[in-house]
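>
Numbering (our numbering), first residue to last: 16 to 425.
1. Hey, residue 210 and residue 244: beta-carbon distance below 7 angstroms or not?
2. Taking only the alpha-carbon atoms, compute the straight-line gap between residue 281 and residue 89 and give it to the nearest angstrom.
3. What residues in its chain sit with their C-beta under 7 angstroms from that of residue 114, if we drop five residues either side in the sequence?
4. Determine the direct distance from the alpha carbon of residue 251 to that of residue 292, and round the result to whole angstroms.
5. Which word fits residue 249, buried or exposed, when buried means at least 16 other C-beta atoms lie within 10 angstroms of its C-beta?
6. Helix, strand or coil for residue 373, going by three-state DSSP, please let me know.
7. Here's a check: name, in chain order, each residue in its chain whose Cβ is nearer than 8 angstroms to the Cβ of residue 380, leaving out the five neighbours to either side.
8. Residue 198: buried (16+ other C-beta within 10 angstroms of its C-beta) or exposed?
9. Could you tell me the alpha carbon to alpha carbon distance between residue 107 and residue 64, rounded to whole angstroms?
10. Is residue 89 helix, strand or coil when you go by DSSP?
11. To the nearest angstrom, how far is the alpha carbon of residue 46 from that of residue 105?
12. Using a Cβ-Cβ cut-off of 6 angstroms (strictly less than) and excluding sequence neighbours within five positions of residue 116, which residues of its own chain qualify?
13. Buried or exposed: where does residue 271 fall if 16 or more other Cβ atoms within 10 Å of its Cβ makes it buried?
14. Under the three-state reduction of DSSP, which class applies to residue 131: helix, strand or coil?
15. Report yes if the C-beta distance between residue 182 and residue 166 is below 7 angstroms; otherwise report no.
16. For the candidate residues 202, 363, 176, whose alpha-carbon lies nearest to that of residue 184?
17. Does the count of Cβ pairs from the stretch 293-303 and the stretch 228-238 closer than 8 angstroms reach three?
18. Please identify the residue among 329, 284, 364 whose C-alpha is closest to the C-alpha of residue 337.
19. Look up residue 152 in the DSSP assignment and say whether it is helix, strand or coil.
20. Check whether the Cβ atoms of residue 325 and residue 314 sit closer than 7 angstroms, and answer yes or no.
21. For residue 155, collect the residues of the same chain with a Cβ closer than 6 angstroms to its Cβ; drop the 5 residues on either side in sequence, then sort them by chain order.
22. Check residue 389 in the structure and name its three-state DSSP category.
23. Contact defined as beta carbons within less than 8 angstroms: I believe residue 259 pairs with residue 304. What is the distance between those atoms, to the nearest angstrom?
24. With a cut-off of 8 angstroms on the beta carbons, I'd call residue 178 and residue 366 a contact; round off their distance for me.
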């Protein structure tokens, strides 16, 4: 399956970027160590110390000495090359790219392998900035797996080795690997099945589920074993009227209590801690739906007010944002410099923080050249490769969209 090949491609790209290292060594080793004036001799000593750490794979320590060598002799290209390499090996790829691009420019393009590595790394990093236009790849439907039917997908999560999606009508969770093979289907023990789940989140090998139909929060193990349930219908503390979203972070469970127009926070044992979102002075919530936490900020989609409201982890109001493109925003994901919103009527919308603008996913066509109609998408998730997974409730499908450039590169 192409999705599996695409993910394998990106797991391998780090190795691809390193291929020119061999060529680069032959080019740069032929370059003589630059002439040092008397006061610049310390650059040579710093470089030697840096190489000692580099050869012993202590890349963070090596960076310090290569940097010191460059502060003494700014045009010491060999030191800059190894500084970039040390940044790369220690995981700071953006800084590695900065050093390689500077070296390419300062040398007048005399080192093609440096430019090649820079271009590969830049392409890889750009998936976090703007993946460009999307193209339809495939969909999972109730008839995709004969022995594992499902109905009305509402939420999806991308794990290291699988896609996990939640279904409302069939009250099930399905795990699928990236080849499209079902790994597991579950929904709690048979005597206590989920009734109408609408959102979920994962933490410490446990699945936290907002069971909308019965106004409960369910906690299951990844094998489907029942761990804990709490909540009932009502408006008091710890009670719900349509829990529509859930997020787990820092030992707390945040629930979007849509009918009671509030966010409730619980500890991991289900004990009520406090609620927020009802303050009229900061714009009371009317229908909190999707909720997520990124960094130290809680993001809540208010479907009826057509906005995203931000709070700190204690529930203090921080601000809000909206768009004329919003119609019935249902759920969201925040990652890197992007906010992705699943809107039941407007489709999938993406906010680019770097460009400070919203853009919709353009019209897509299926493999049979028919328009792809995503009716009432409830959730969208982006993986580390920029691939989008859309739980399309109204269409009864899980749609997979791939950045055009990523698909072309494979």
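C-beta: ideal position from N, C-alpha, C; glycine also.
In brief:
1. As a first step, residue 210 must be located in the chain shown, where it is residue number 195. As a first step, residue 244 must be located in the chain shown, where it is residue number 229. The answer is no: Cβ separation not under 7 angstroms.
2. What you label residue 281 is simply residue 266 of the chain shown in a count that begins at 1. What you label residue 89 is simply residue 74 of the chain shown in a count that begins at 1. Between residue 281 and residue 89, the C-alpha separation is close to 55 angstroms.
3. Here residue 114 refers to the residue found at position 99 of the chain shown. The answer, listed in chain order, is 95, 98, 99, 102.
4. Residue mapping note: residue 292 aligns to position 277 of the chain shown, counting from 1. Residue mapping note: residue 251 aligns to position 236 of the chain shown, counting from 1. Straight-line Cα distance between these residues: approximately 15 angstroms.
5. Looking up residue 249 in the chain shown gives position 234. Within a 10 Å sphere around the beta-carbon of residue 249 sit fewer than 16 other beta-carbons, which makes this residue exposed.
6. As a working mapping, residue 373 is identified with position 358 in the chain shown. Looking at residue 373 - three-state DSSP - the assignment turns out to be strand.
7. For the purposes of this step, residue 380 is taken as the residue at position 365 of the chain shown. Within the same chain, residue 380 has close Cβ partners 151, 386, 387.
8. Counting from 1 along the chain shown, the entry for residue 198 is found at position 183. Answer is exposed; the Cβ neighbour count stays below 16.
9. The count along the chain shown starts at 1 and reaches residue 107 at position 92. The count along the chain shown starts at 1 and reaches residue 64 at position 49. So the alpha carbons of these two residues sit roughly 21 angstroms apart.
10. For this step, residue 89 is matched to residue 74 along the chain shown. Residue state, collapsed to three classes: coil.
11. The residue labelled residue 46 in the question sits at position 31 within the chain shown. The residue labelled residue 105 in the question sits at position 90 within the chain shown. With a pLDDT of 46 at residue 46, under the threshold of 50, the predicted position of this residue should be treated as unreliable, though the coordinate-derived value follows. Just so you know, the alpha carbons of residue 46 and residue 105 end up roughly 26 angstroms apart.
12. Taking the first residue of the chain shown as 1, we reach residue 116 at position 101. For residue 116, where only same-chain residues beyond five positions count, the Cβ hits under 6 angstroms are 133.
13. For the purposes of this step, residue 271 is identified with residue 256 of the chain shown, where counting begins at 1. Looking at its Cβ environment, which holds 16 or more other Cβ atoms inside 10 Å, residue 271 is buried.
14. For the purposes of this step, residue 131 is taken as the residue at position 116 of the chain shown. In this structure, residue 131 counts as helix in the three-state DSSP scheme.
15. Sequence index remark: in the chain shown, residue 182 carries index 167 (1-based). Sequence index remark: in the chain shown, residue 166 carries index 151 (1-based). Yes, the Cβ-Cβ distance between residue 182 and residue 166 is below 7 angstroms.
16. Counted from its first residue, the chain shown places residue 184 at position 169. Among 202, 363, 176, the Cα nearest to that of residue 184 is on 202.
17. no
18. Counted from its first residue, the chain shown places residue 337 at position 322. Nearest of 329, 284, 364 to residue 337, Cα basis: 364.
19. If you number the chain shown from 1, residue 152 lands on position 137. Residue 152 falls in the strand class under three-state DSSP.
20. Working through the chain shown from its first residue, we reach residue 325 at position 310. Working through the chain shown from its first residue, we reach residue 314 at position 299. A contact, by the Cβ cut-off of 7 angstroms.
21. Within the chain shown, numbered from 1, the residue matching residue 155 stands at position 140. Result list for residue 155: 413, in chain order.
22. Against the chain shown, residue 389 aligns to sequence position 374. Looking at residue 389 - three-state DSSP - the assignment turns out to be coil, as it is neither helix nor strand.
23. Against the chain shown, residue 259 aligns to sequence position 244. Against the chain shown, residue 304 aligns to sequence position 289. That belief holds up - the Cβ atoms of residue 259 and residue 304 are roughly 5 angstroms apart, short of 8 angstroms.
24. Against the chain shown, residue 178 aligns to sequence position 163. Against the chain shown, residue 366 aligns to sequence position 351. Residue 178 to residue 366, Cβ: 24 angstroms. No contact.
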